[in-house]
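Okay, structure first, notes after.
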Amino acid sequence: MWHILLSVTRGVELLMSYSSTQKNIWAGWKDSPLSALGRAQASALAAYLTRTNTHFTHIYASPLLRAHATGLAALSSQPHNPPFTVNPKLREQHFGAAEGNPWAYRIPAGETIAGMIAQGIYPVLPTRHDKFEGGESLEDLAARADEAIAECVLPHVAEGEKGEVHVALASHGLCISECVKALLRLDSEAELGENYTGLLNTAWTRLTVEPRVCVYQC
């Protein structure tokens with residue numbers, strides 16, 4: 085799969101992306117190189133960025149190969165060779181004991197989570213607080229996304245006041261959705277009830293984030 089988030093923060097662009105590897109297994113921190121399709125997708129991304137003259141001043145990437153390679157593809161399209169920084173907080177959700185095992189979207193009638201795990205199949209867990217043994221819950225991932233935004237995005241907002249700053253983040257589907265929500269939580273007027281999971285392959289999601297000037301009256 086290949087997920088992209090393109091966000092604009094006062095001239096700051098954020099690209100969160102990864103390309104195809106293995107399918108139908110839990111692959112959070114389980115690492116593997118890009119598939120042939122994934123390599124083609126990454127090449128297409130680089131070609132698109134070149135063709136549209138899209139330039140970045142900073143590129144951050146997850147250390148996991150599928151996102152890291154996509155970040156390098158973005159870097160290859162940049163004639164001025166911007167800084168490329170690996171940040172582990174951009175990794176996908178860690179699925180613990182489920183890593184590398186088959187997954188199921190639903191639990192069949194009459195079956196239990198424990199029963200499915202005993203068969204080597206790890207179903208999607210029902211709540212944001214649930215986690216597989218040794219893994220992260222979605223709430224854990226949300227806390228990490230807050231830290232990722234603080235480290236990779238917010239320092240560049242002030243720079244954007246002085247001139248155009250374009251930041252690319254190469255990350256993963258679930259992490260992207262939590263980063264969107266992490267950005268929205270910084271806005272007291274934002275609608276927080278939306279669900280940002282289920283990003284389509286090769287889709288672009290654009291957010292516009294601008295500092296709000298507050299005037300306090302004594």
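For the sequence shown, the numbering used here begins at 85 and goes up steadily by one.
From the three backbone atoms N, C-alpha and C, an ideal C-beta is built for every residue, glycine too.
Just so we're clear, the structure is a prediction, and the values are computed from it rather than from any experiment.
Item: Which residue's Cα is closest to the Cα of residue 139: 164, 123 and 126?; Value: 164
Item: Less than 6 Å between C-beta atoms, sequence neighbours within five positions excluded: which residues of the same chain meet that for residue 144?; Value: 169, 171, 236 and 253
Item: Can you grab the Cα-Cα spacing for the pair residue 31 / residue 113, in whole Å?; Value: No answer is possible for residue 31: the residues shown for the chain start at 85 and end at 302.
Item: Taking C-alpha atoms, which residue in 162, 263, 211 and 123 lies nearest to residue 136?; Value: 162
Item: Would you call residue 220 buried or exposed, if buried means 16 or more other Cβ atoms sit within 10 Å of its Cβ?; Value: buried
Item: According to the neighbour-count rule (16 or more other Cβ atoms, all chains shown, within 10 Å of its Cβ), is residue 134 buried or exposed?; Value: exposed
Item: Let's see if you can read the secondary structure: which residues bound the beta strand (DSSP E) around residue 144?; Value: 142-145
Item: Tell me whether residue 132 sits in a helix, a strand or coil according to DSSP, three-state version.; Value: helix
Item: Name the DSSP beta bridge partners of residue 253, please?; Value: 144
Item: Tell me residue 327's beta-bridge partners as DSSP assigns them.; Value: Residue 327 lies beyond the residue range present for the chain, which begins at 85 and ends at 302; the question has no answer from this structure.
Item: On the DSSP letters alone, give me the boundaries of the beta strand (DSSP E) that residue 154 sits inside.; Value: Per DSSP, residue 154 belongs to no beta strand (DSSP E); it is in the alpha helix (DSSP H), 149-160.
Item: Return helix, strand or coil for residue 192, following the three-state DSSP convention.; Value: coil
Item: Which residues share a DSSP beta bridge with residue 260?; Value: Looking at the DSSP assignment, residue 260 forms no beta bridge with any residue, so it has no partner.
Item: Give a yes or no on whether the C-beta atoms belonging to residue 188 and residue 206 are separated by under 9 Å.; Value: yes
Item: For residue 172, name the three-state secondary structure that DSSP assigns.; Value: helix
Item: Taking residue 233 as part of the alpha helix (DSSP H), name the residues at either end of that continuous run.; Value: 222-236
Item: Should residue 204 be labelled buried (16 or more other beta-carbon atoms within 10 Å of its own) or exposed?; Value: exposed
Item: Quick check on DSSP: helix, strand or coil for residue 201?; Value: helix
Item: Where DSSP assigns a beta bridge to residue 187, which residues make up the other side?; Value: 206
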